[in-house]
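In our numbering, the protein residues as written are 1 to 351.
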Amino acid sequence: MSFERKILAWYEKNKRDLPWRKTKDPYKIWLSEVIFQQTRIEQGLDYYRRFVKAFPTLESLARAPREIVMKHWQGLGYYSRARNLHETAIFLYKNKYHTLPSSYKELIKLKGIGKYTAAAIASIAFNEPVPLADGNVYRLFARYFGIDAAIGTAKAEKIFLNKAGEMLNKKDPGTHNQALMELGALVCTPRQPACHQCPIQNNCYAFAHHLQETLPVTQQKKSSRKRFFIYYVITRDKHLYLRKRKADDIWKELYDFPLTETAAPLSKKKILEIAASKEGLTPKDILEISEPFIHQLTHQRITARFIRITLAGSKKPSWLNDCMAVSFASLKKFPFPRLIEKYLMQQHLLS
């Protein structure tokens, strides 16, 4: 039996029952590819279902306010994905598209759609014979063919895409591509691959040479940037002061509290001094300084401390000019980074 017949037979028998596999709707396939770029399926499946329920069509996503889109994305991380998704939906809707373009060449021109996503949509939704290689396919091919080019390099991308093109089933490229990805995800896993379940084990280079834990070759990961935040959680008359993050930094267009970023962790005494030096604040306004909250992002490790402050009087200090007072009852409407959501839940301000 050929490589192709083996993987398709395995896929038909073992593929997971996933909602986007029951449709050829390019919009829903696009959503699935974007959501699961950086999110494991078991973690993101409920998010996908809620997102599709809230925005069932390209038009509904395009017409939705940005904050509503970001709120539905909350918890998935990598928020630029949501912004790009929304901006592309708006662009397509304004240009009279009812769904996504049907060719790889047109898809790849759209914001937030790279080579892999364009190939996935084109092959799965439109049956265009375009090869693709995601992390699962890289791993599968590296082991099966004995490819030692380091994942993440231009050399590796060229080798793997060429190999994917050679192996492509041009009659049914969508099913072929999904079978490769599924085999990599379920059997040819990063650690302890289930070689005894693999339909192509007999011709696998890594299996024959006991290199399953050596291949693929990966680049050394960059060390995380360490950041230290002091958040001012300011309350007045059952309202909290929030600010919308606008800078070209993490969590753009999400909401957090006013903050001071420091170069190193500070003692509670020093944090108290910094807070008390703010316009309109005195030590008696400061109710509590939290223990450190550690929040790990892909390339950043944030250590945050939250200072609970009660603001007296009616005058708003100038350092809060870019903030707005939000009632406790309205907090649930705002999109927050996971770190802020976690703190608010601990304080019983979010359920």
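Where is the CB? At the ideal position from N, CA and C, for every residue including glycine.
Pairwise C-alpha distance: residue j and residue i
i	j	result
Glu-273	Phe-36	44 angstroms
Lys-6	Ile-147	21 angstroms
Ala-325	Gly-165	56 angstroms
Gly-75	Phe-336	8 angstroms
Leu-339	Ser-318	26 angstroms
Ser-330	Lys-53	23 angstroms
Ile-151	Lys-332	41 angstroms
Asp-134	Ala-118	12 angstroms
Lys-24	Ser-267	57 angstroms
Cys-195	Trp-10	13 angstroms
Residue range of the unbroken beta strand (DSSP E) whose run includes residue i
i	result
Arg-40	It is not in any beta strand (DSSP E) - Arg-40 carries neither H nor E in the DSSP assignment.
Leu-259	259-262
Arg-243	239-244
His-325	The amino acid occupying residue 325 in the given sequence is Ala; His does not appear at that position. Element bounds for Ala-325: 323-327.
His-209	Taken as a continuous stretch (DSSP letters only), His-209 belongs to no beta strand (DSSP E), being part of the alpha helix (DSSP H) at 205-209.
Gln-296	293-296
Val-233	225-235
Start and end residues, alpha helix (DSSP H) containing residue i
i	result
Ile-200	Run containing Ile-200: none; DSSP gives neither H nor E here.
Ile-121	115-126
Leu-183	173-186
8 angstroms contact criterion, which residue i and residue j should meet: CB distance rounded
i	j	result
Thr-235	Leu-311	7 angstroms
Asn-352	Gly-112	There is no way to answer for residue 352, as the model of the chain reaches only from 1 to 351.
Phe-257	Leu-242	7 angstroms
Cβ-Cβ distance between residue i and residue j below 8 angstroms
i	j	result
Lys-170	Pro-129	yes
Val-217	Arg-308	no
Ser-32	Tyr-48	yes
Arg-66	Glu-253	yes
Tyr-255	Lys-244	yes
Thr-99	Pro-26	yes
Ile-250	Leu-186	no
Met-70	Val-137	no
Requested in this report: Check whether the segment 224-243 touches the segment 285-303, counting contact only when three or more Cβ pairs, one atom from each stretch, lie closer than 8 angstroms.
Outcome: Yes, since at least three Cβ pairs between the segment 224-243 and the segment 285-303 fall closer than 8 angstroms, the two stretches touch.
Requested in this report: Pair every Cβ in the segment 150-168 with every Cβ in the segment 97-113, then say whether three or more of these pairs are closer than 8 angstroms.
Outcome: Under the three-pair Cβ rule at 8 angstroms, the segment 150-168 does not count as touching the segment 97-113.
Query raised in the report: Is it true that the segment 173-186 meets the segment 115-128, where meeting means three or more beta-carbon pairs spaced less than 8 angstroms apart?
Result: yes
Requested in this report: May I ask you to verify whether the segment 208-218 touches the segment 132-152, counting CB pairs closer than 8 angstroms and requiring at least 3?
Outcome: The segment 208-218 makes contact with the segment 132-152: 3 or more CB pairs, one atom from each, lie closer than 8 angstroms.
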